[in-house]
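Asks: My questions all concern the structure below.
Residue numbers (the working numbering): 42 to 953.
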């Protein structure tokens with residue numbers, strides 16, 4: 042499509058949505074061949090309308106790190122830990138698919154497939170492309186990994202999905218584009234994930250793990266498939282997504298696993314042999330199929346034929362499935378109404394769509410997840426808090442790196458400081474989104490590997506940043522990156538205090554033109570209670586732009602006695618109780634009592650007050666301390682906590698919380714964010730879609746928070762903004778509690794095989810430091826405070842902004858990255874939820890032409906959220922819902938949402 046045919050406009054109207062824009066350097070666009078999508082759907086095997094169609098979906102679930110590192114899993118190394126080798130799986134599956142055109146296979150993790158593809162010769166690549174084009178090899182989900190849904194931030198999820206989907210699109214075109222989201226292993230499911238998948242163009246979403254009480258209710262009511270209405274801000278169908286719960290998690294039916302890792306007997310079909318078992322196998326399978334059909338509403342059911350790292354010897358699977366299909370279908374001549382076929386999730390979804398039924402609507406989320414009365418998977422919301430913080434900081438650096446790569450041009454990648462890139466950190470960050478990475482549910486040596494990958498990415502990005510700053514400032518000087526910096530610098534209208542560890546007491550802080558800024562040097566408590574110097578600003582002998590700290594009357598809403606905070610903790614269950622033998626572990630949170638233990642009734646207290654800050658430093662014990670800090674001119678209170686090494690000499694694991702008590706009448710309600718974006722209402726001991734039988738009053742009320750949690754009444758709202766993903770709850774009216782750190786002595790028997798007891802540098806236990814920002818405001822004003830706070834803390838800018846004018850408060854520059862030599866990817870988001878702010882929830886207009894200081898916009902083409910489809914060509918299945926609304930999606934919509942692009946014609950785009 043020629044850009045000259047698009048609507049010419051300089052302005053972009055943004056409601057509550059992401060706008061994904063492609064800014065070309067040259068006026069050239071490539072369009073998908075939509076006929077290829079049509080032929081892909083036509084490749085689905087024929088079904089029988091008068092029979093029960095059983096869709097066998099051969100698959101492997103390949104964790105991008107868990108018990109072994111990513112490299113060990115790919116190469117099949119360290120089989121003493123787990124027998125798994127992804128390269129052999131792909132080799133073996135390819136051979137079996139080529140042997141029989143009726144066979145099918147799906148693949149998910151692009152991180153592994155990308156690596157395997159690079160090692161293949163042209164003949165192999167040609168064969169794989171043929172399989173993809175014919176629908177015999179289907180990619181589902183398609184992200185770099187299968188991301189966690191509780192502990193990931195939406196910006197990082199979008200990036201990792203974009204990375205994987207772009208490779209598939211560039212390699213295979215439209216036939217390689219996944220139509221189904223596939224999250225079979227994550228431990229609970231976030232509404233924002235469903236919203237993002239809908240806005241990426243997926244037709245449906247299937248997952249495996251569901252709370253045991255919720256699943257029982259859905260089986261009883263035949264409600265295992267539904268339409269998930271995943272946003273209250275987006276007018277349907279923008280964020281509607283057909284969603285199905287798989288019947289067996291992601292495993293095959295009992296007795297029908299034919300992998301080399303399984304012990305089920307093969308199909309023995311020689312009638313001359315004594316152990317002939319065809320009749321028995323067919324009978325059991327038909328019984329299982331008919332029983333499963335009772336849970337679902339159509340004459341189509343799905344069976345996942347595979348599991349973790351299976352199909353390393355794919356012949357075992359396919360040889361037995363070929364027999365199963367042949368012998369079960371042969372019974373049709375005797376009156377059987379069961380039809381078995383090789384299939385894929387897209388073909389199964391097509392069968393459901395053609396049934397043209399009316400589906401129930403899901404509007405909340407699937408947290409928390411429990412697989413038994415005392416087995417709540419809410420511990421991993423906090424597990425490995427240092428890794429969770431490192432991942433969040435790495436996301437912030439990646440955004441700066443991406444932006445400077447655009448603004449600095451080619452010289453940023455190769456310049457006076459050497460060769461740098463953003464790709465290394467992007468791939469490391471994408472791996473870190475895996476559901477056994479940032480979740481904290483991996484073995485310790487794997488966690489170390491994730492951190493090493495991020496560190497390598499930091500080094501590459503630091504070189505790129507140095508080159509770009511040299512290009513933009515025409516100033517080359519030695520640059521040093523202080524990885525101990527507690528708070529990063531700000532840009533534009535956002536005003537942040539800057540703190541930097543220093544030695545000595547005599548420092549001067551200068552603005553770029555030499556003016557002296559007010560600064561103070563003070564002493565703070567380190568983890569070992571040794572006092573060290575801390576400077577409340579940054580030394581300005583280098584050219585880094587810093588906004589001055591405002592002085593004047595404080596406007597913070599905290600009154601004496603209105604807020605109390607306590608350092609407490611739960612002793613972890615060791616599994617030796619009358620109710621259950623379930624201990625706390627990396628996944629599971631199970632305290633041995635519902636009453637938290639106060640770390641100390643008293644605290645050593647130090648106070649500080651100067652022209653920059655007021656603070657109270659409290660040491661509750663040698664391993665728990667906090668600093669409560671209020672900057673002049675600030676409306677929020679900062680609580681900096683330090684926890685560790687957590688003592689375990691008493692043979693008790695511990696889960697440390699901070700509790701914030703107020704006089705707010707919250708009536709059992711509290712609110713948590715979904716992946717850092719929309720807020721969801723929570724209620725103690727309550728689930729919106731079933732009658733909860735609460736058996737764990739603490740763990741069963743914990744929810745993930747990626748950026749904030751709040752309680753409110755008609756007068757006040759207390760919001761706590763976090764610097765990493767954590768678990769939190771409100772167990773008493775007027776109270777919030779946030780879990781900060783965990784150290785446990787027992788494995789929770791969910792597969793990881795070791796206790797969550799991080800050793801730290803000295804093997805005495807890990808010390809972790811973090812921050813909460815607390816705002817006490819009237820509810821009507823709260824979003825105007827906590828939305829910018831969360832944006833600044835989650836994606837705090839490090840050194841630089843290329844914007845030449847401030848964006849409106851409701852708009853956030855989410856993505857600015859180099860797409861190729863001819864174009865730039867831009868995402869803008871309206872970050873306020875509908876109705877939460879009288880002012881900032883309204884649509885706003887942004888002038889794209891005047892947005893950047895070193896770029897001139899010459900053209901814009903709108904894409905979907907993941908940037909792998911043109912927005913006006915994105916079409917999804919329509920679904921009828923119980924609310925009477927027919928949900929359907931086409932490319933052109935002006936609703937509030939996460940995806941989009943304004944098509945406009947531009948001038949010339951160049952870096953100067």
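We treat Cβ as the ideally placed atom computed from N, Cα and C, and that holds for glycine.
Since this is a predicted model, take the numbers as computed values, not measurements.
1. Taking contact to mean at least 3 C-beta pairs separated by less than 8 Å, is the region 739-758 in contact with the region 786-797?
2. In whole angstroms, give me the CA-to-CA distance for residue 239 and residue 921.
3. Look up residue 696 in the DSSP assignment and say whether it is helix, strand or coil.
4. Between the alpha carbons of residue 739 and residue 510, how many angstroms are there, rounded?
5. Could you check which residue in 466, 517, 413 has the C-alpha nearest to that of residue 457?
6. So, using beta-carbon positions, are residue 724 and residue 709 closer together than 7 Å?
7. Might you give, ordered along the chain, the residues of its own chain that have their beta carbon closer than 8 Å to the beta carbon of residue 626, omitting 5 neighbours on each side?
8. What did DSSP end up calling residue 465 once you bin it into helix, strand or coil?
9. Buried or exposed: where does residue 825 fall if 16 or more other Cβ atoms within 10 Å of its Cβ makes it buried?
10. Which stretch, first to last residue, makes up the beta strand (DSSP E) that contains residue 859?
11. Output the residue ranges of the beta strand (DSSP E) runs that lie fully inside the region 114-182 and measure 3 residues or longer, sorted by chain position.
12. Does the distance from the CB of residue 429 to the CB of residue 144 come in under 7 Å?
13. Flag this pair as yes or no: are the beta carbons of residue 507 and residue 520 separated by less than 7 Å?
14. Take residue 85 as the anchor and find which of 133, 148, 164, 174 has the nearest alpha-carbon.
15. Considering only their Cβ atoms, is the gap separating residue 638 from residue 610 smaller than 7 Å?
16. How far does the alpha helix (DSSP H) with residue 487 in it extend, from its first residue to its last?
17. In this structure, how does DSSP classify residue 308 when only helix, strand and coil are distinguished?
18. Taking just the CA atoms, how far does residue 783 sit from residue 696?
19. Comparing C-alpha positions only, which one of 703, 904, 866 sits nearest to residue 773?
20. Taking just the CA atoms, how far does residue 557 sit from residue 651?
21. Where do the N-terminal and C-terminal ends of the beta strand (DSSP E) with residue 768 fall, by residue?
22. Less than 8 Å between the CB atoms is what I'm expecting for residue 176 and residue 206, so what's the real figure, rounded?
23. Going residue by residue through the region 269-295, where are the continuous beta strand (DSSP E) segments of at least 3 residues, counting only ones entirely within it?
24. Does the count of Cβ pairs from the region 857-868 and the region 435-452 closer than 8 Å reach three?
25. At the level of alpha carbons, what is the spacing between residue 302 and residue 155?
26. Following the continuous alpha helix (DSSP H) through residue 776, name the residue where it begins and the one where it ends.
27. How many Å lie between residue 874 and residue 195 at the Cα?
28. Going by C-alpha distance, which of 515, 813, 919, 127 is nearest residue 762?
29. Please classify residue 296 as buried or exposed, where buried requires at least 16 neighbouring CB atoms within 10 angstroms.
30. Give me whichever residues DSSP pairs with residue 812 in a beta bridge.
31. Hey, how far is the Cα of residue 522 from the Cα of residue 514?
32. What are the boundary residues of the beta strand (DSSP E) that residue 220 is part of?
33. Using 7 Å as the limit for Cβ to Cβ distance, is residue 511 near chain D?
34. Within its chain, find whatever has a CB closer than 7 Å to the CB of residue 337; leave out the 5 residues flanking it on each side and keep chain order.
35. Can the beta-carbon of residue 149 be found closer than 7 Å to that of residue 111?
36. Is the beta carbon of residue 151 closer than 7 Å to that of residue 352?
Replies: Per the coordinate set shown:
1. no
2. Roughly 16 Å between the two C-alpha positions.
3. Assigned with DSSP and collapsed to three states, residue 696 falls in strand.
4. 50 Å
5. 517
6. yes
7. Result list for residue 626: 420, 785, 787, 788, 789, 790, 791, 793, 796, 797, in chain order.
8. helix
9. Residue 825 counts as buried, since no fewer than 16 other beta carbons sit within 10 angstroms of its beta carbon.
10. 852-861
11. 146-148, 178-180
12. no
13. Yes, the Cβ-Cβ distance between residue 507 and residue 520 is below 7 Å.
14. Looking at the Cα atoms, 174 is the closest of the given residues.
15. yes
16. 485-514
17. coil
18. Roughly 4 Å between the two C-alpha positions.
19. 703
20. 17 Å
21. In the DSSP assignment, residue 768 falls within the unbroken beta strand (DSSP E) covering 767-770.
22. Incorrect: roughly 18 Å between the Cβ atoms, too far for contact.
23. As far as the region 269-295 is concerned, its whole beta strand (DSSP E) runs of at least 3 residues are 281-286.
24. As far as the Cβ criterion goes, the region 857-868 touches the region 435-452, which means the pair count is three or higher.
25. 25 Å
26. That residue, residue 776, is in no alpha helix (DSSP H); its beta strand (DSSP E) goes 776-784.
27. 15 Å
28. 813
29. It is exposed - the Cβ of residue 296 has fewer than 16 other Cβ atoms within 10 Å.
30. Residue 812 pairs with 681.
31. 18 Å
32. Here residue 220 belongs to no beta strand (DSSP E), and DSSP marks it neither H nor E.
33. The structure shown contains no chain D; it holds only a single protein chain.
34. 263, 265, 266
35. no
36. no
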